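First residue of the sequence shown: 11, per this note's numbering; consecutive thereafter.
Here the structure comes first, spelled out in structure tokens, and everything after it is commentary.
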Amino acid sequence: MTEFVHLHVHSEYSLLDGACRLKRLVKRTKELGMSAVAVTDHGNVCAAVEFYNECRQNGIKAIIGCEVYVAPRSRFDKEGRADMSPYHLILLCKNETGYRNLCKLVSASYIEGFYQKPRVDFELLSRYHEGLVCMSACLAGEVARDLTDGNYEAAKECAARYHELFGDDYYIEVQNHGYDEQRQILPYQYKLARELKIKLCATNDCHYIDRSDARAQKILMCINTNTTEDSPDAMAFQTDEFYFKSPDEMAELFAARPDAIAATVEIAEKCNLEFEFGKTKLPGFSIEGVSDNEAYLRALCKKGLAKRYGKPTEEAEKRLEYELSVISRMGYVNYYLIVWDFIRYARSVGIPVGPGRGSGAGSLAAYCIGITSIDPLKYNLLFERFLNPERVSMPDFDIDFCVVRRQEVIDYVKRRYGADHVAQIITFGTMAAKNAIRDCARAMGLPYSLADTVAKAVPFGMSIQEALDSNSAFRELCQSDGKIRELIETAKQVEGMPRHASTHAAGVVITDGPVSDYVPLQTNDGQPVTEYTMTVLESLGLLKIDFLGLRNLTVIHDAEERIRRREPDFSIENIPYDDPEVYKMLSRGDTAGVFQFESDGMTSTIMRLEPEALEDLIAVISLFRPGPMDSIPTYIRNRHNPSLVTYATPLLKPILGVTYGCIVYQEQVMQIFRELAGYSYGRADVVRRAMAKKKHSVLEAERRSFVYGDETCSGCLKNGVSEDVANRLFDEMLSFASYAFNKSHAAAYAVVAYQTAYLKCRYFPDYMAALLTNSLDSMSKVTEYSELCESKGIKILGPDVNESREGFVYTENGMRF
């Protein structure tokens, strides 16, 4: 069998050009008996880590590369047509040095060289060539373009220049897709290689997997260029030879030059890049006068513990000591201090900060230093849900800020660590079923009415295949017309592919060195963003923080400002959370303008529940979702009739008493494993995650441990729980764990919900003025809230456009608000 490796491949991340989906690409590589494969997307390496992981899972060597664009002159020259036609060049990573240099090249191509396309130049290549294999690329490469133009000497000079730079890692790339131009220049490429003693390398410019995919790839290009496939302006390949050919097919194409085939294996053997996962790469943290960050964090926590609790209990002191030991042992001291620092800054300049959504609210240390503002001891929130010594993964503080001033906090972080050490994070918009149908129909020149009919027939949330499998009406529609069948088959091929790149709404990465030392960057709207998504960044151990904008914090802040005109000492931080009038208002269904509780379904639920404490609000937020909603009737019944609450074992009462016998929270699942079967909280969280992800092989092993115990846990039987009860309880947790909510997150949202309800109840005109001012982008809400005000005798005067951020103005009994 011929040995051959594909080194010129465009995945789905050559947006709307490449149609080689990564999973299918790796599968096909394996089917054809090849041991390695490269991905070389146009101008980016977005696929790198995802591709690497897919290859590793299938025993294939991943070769990370890029088809870069080279500016004809300097990357800084951006004038006229000449600079709009860059050359192509293939770069492949041999090792970590090559990867770092490729990151630098790709980043600079966007940040410095972008002109129609991201461009490098020879000066950049000279600086960052080490550790890279270079191939002269396709017909759009400089050498091939010179040869096509009949300028052999220019081609020779160019090849010699690259050969001098890259040495034996430079190859003349030869291709044959049935183009006359390619066949015509092959003899000259062979001659160049002979005269300059440069090796040849045979490639196929793979844009799709099978020959039959050529049509789908053409449709993708038409979607990209907003043309139809029968348009004379449509971009398309002249042949259908741009598929992922077998080694034997490639050997037959280049039968006269087996050395060009052999060179692909030689190059693959040179390329041995491995990504490092699971090792945290936190930025350094320094503050004037502090030489020991661990001691400084401990001092901050001790001071905060006294401030929060006065004379803290032994439980609080032990919990804090435990958390600090885990934080230190796992290397997250700097992480806590980094987050503490920018939250401290935000508060110091009056930027509203949320109570701390997500699992981070379970950390007592975070509560003590002001990262969060929810008492984890009072609400029984678990630290291990946030930071687990038995599950090595990055912790994740999700912080809400005033939506108007959120960017100020990000700007502070950039000043603090250096602008080149901070970047926002990419996200990809993909072609969902309905959009895939509409896009393909437009590219195929089909009538809009037909596309609309077919797209609307796909049930919400389903893929095209799911709709075909489960919806008879959609299936009959597709079978009714040949054009529709063709449309559906084409749309299935492009469905789910990335359509465009944009910037994640909240994610920011902070690195110890320049971000481009670790990951490649590109630009969106002039701002640098990582080419990897947040999940990839986390897997690489980089610090990712969500700077979330929450409009309700802005509303609360604006209401505070209005109230302070009459009550200078008013602060939302000091309101009582047991005000019976607030809970009565919610129980009446007066929820318009209250965070989390405005929808009809939530209003109905809260009215039936008749909440009396914040715990009730936390539970409702957790239950009102698909899955847990089935437990709402039981929860409400038990809430009003405590005598009906039953427990399968008395050991459950301390855990489920707060939720009237119902399992509502992820933390309760962890506590059940801990208290009934002797699990550590860390291991309990690992099992909870396995349940949520339905890892059946893991779960069956854990069932035995849960019931009977093992070398690290006692098991339910030893704690007086019968085998039958233990198995039933395991099954109940198993069915619920994929829906169970994080109580720390629900508690944070319940606090904000209560604050908005309190302001509405006690300071109605001020709150509604602030709410309306911040609802101007939704006229339906403006109308709803205005009508509510008028029903309560509040006369609308605004918005007052003459005063800065005054927004809506009201009078009540002659008093202006």
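In this text, a Cβ means the ideal position worked out from N, Cα and C, and glycines have one as well.
The structure presented is a predicted model; accordingly, all values stated were derived computationally and were not measured.
Quiz item: Using the C-alpha atoms, what's the distance from Ala629 back to Thr669?
Solution: 7 Å
Quiz item: Roughly how many whole angstroms lie between the Cα atoms of Ala147 and Leu112?
Solution: 16 Å
Practice problem: Count the C-beta pairs between the segment 612–626 and the segment 651–658 that are closer than 8 Å, then say yes if the count reaches three, no if not. | Solution: no
Quiz prompt | Which of helix, strand or coil DSSP assigns to Arg367 | solution = strand
Quiz item: Rounded to a whole number of angstroms, what is the C-alpha to C-alpha distance between Phe557 and Val565?
Solution: 18 Å
Quiz item: Helix, strand or coil: which one does DSSP assign to Met680?
Solution: helix
Exercise. Ignore the nearest five residues each way along the sequence and tell me which others in Tyr189's own chain have a CB closer than 8 Å to its CB.
Key: Leu149, Gln248 and Thr249
Quiz item: With a cut-off of 8 Å, do at least 3 Cβ pairs link the segment 506–524 to the segment 377–395?
Solution: no
Quiz prompt | Beta-bridge partners of Ala433, as assigned by DSSP | solution = Val519
Practice problem: Tell me whether the beta-carbon of Tyr777 lies closer than 8 Å to the beta-carbon of Val592. | Solution: no
Quiz item: Run through DSSP, which three-state label would Pro477 get?
Solution: According to the sequence provided, residue 477 is Ala. The question's Pro does not apply to it. Here Ala477 sits in helix by DSSP.
Practice problem: Grab me the residues of Glu304's own chain with a C-beta within less than 7 Å of its C-beta, minus the 5 sequence neighbours each way, in chain order. | Solution: Ser338 and Val343
Practice problem: Flag this pair as yes or no: are the beta carbons of Thr440 and Ala226 separated by less than 8 Å? | Solution: no
Exercise. Would you decide whether Ser459 is buried or exposed? Buried here means 16 or more other CB atoms lie within 10 Å of its CB.
Key: exposed
Quiz item: Which class does Glu685 belong to by DSSP, given the choice of helix, strand or coil?
Solution: helix
Self-check item: Validate contact between the segment 12–27 and the segment 210–223 using beta carbons, cut 8 Å, 3 pairs
Solution: yes
Quiz item: Distance, Cα to Cα, Arg448 vs Ala465?
Solution: 7 Å
Quiz item: What three-state label does DSSP hand Asn534 in the structure shown?
Solution: strand
Quiz item: In terms of residues, what are the limits of the beta strand (DSSP E) holding Phe411?
Solution: Asp408 to Cys412
Quiz item: How long is the line joining the alpha carbons of Val36 and Gln489, rounded to whole angstroms?
Solution: 33 Å
Quiz item: Gln126 to Asp579, Cα distance in whole Å?
Solution: 56 Å
Quiz item: Could you check where the beta strand (DSSP E) with Leu135 kicks off and where it finishes?
Solution: Run containing Leu135: none in the beta strand (DSSP E); it sits in the alpha helix (DSSP H), Phe132 to Arg137.
Quiz item: Can you give the Cα-Cα distance for Thr463 and Thr237, rounded to whole angstroms?
Solution: 21 Å
Quiz item: DSSP three-state call for Glu167: helix, strand or coil?
Solution: helix
Practice problem: Could you tell me which residues DSSP puts in a beta bridge with Arg129? | Solution: Tyr79
Exercise. Can you give me the start and stop residues for the beta strand (DSSP E) that Ile208 sits inside?
Key: Neither: Ile208 is in no beta strand (DSSP E) and is coded neither H nor E.
Self-check item: Nearest candidate by alpha-carbon position, reference His173, set Met454, Cys144 and Val184
Solution: Cys144
Practice problem: Return the first residue and the last residue of the alpha helix (DSSP H) that Val696 is part of. | Solution: Tyr691 to Ala702
Quiz prompt | Same chain only: Cβ atoms within 8 Å of Arg561, ignoring 5 sequence neighbours per side | solution = Val413 and Asn784
Quiz item: How should Gly28 be labelled, buried or exposed, when 16 other C-beta atoms within 10 angstroms of its C-beta is the threshold for buried?
Solution: buried
Quiz prompt | Residue from Leu487, Asp178, Tyr528 and Leu633 whose Cα sits closest to the Cα of Pro469 | solution = Leu487
Quiz item: In its own chain, which residues sit with a C-beta less than 7 Å from the C-beta of Leu839, not counting the 5 before and 5 after it?
Solution: Nothing about residue 839 can be read from this structure; the chain reaches only from 11 to 827.
Quiz item: What residues are listed by DSSP as bridge partners for Lys502?
Solution: Answer is none; Lys502 lacks a bridge partner.
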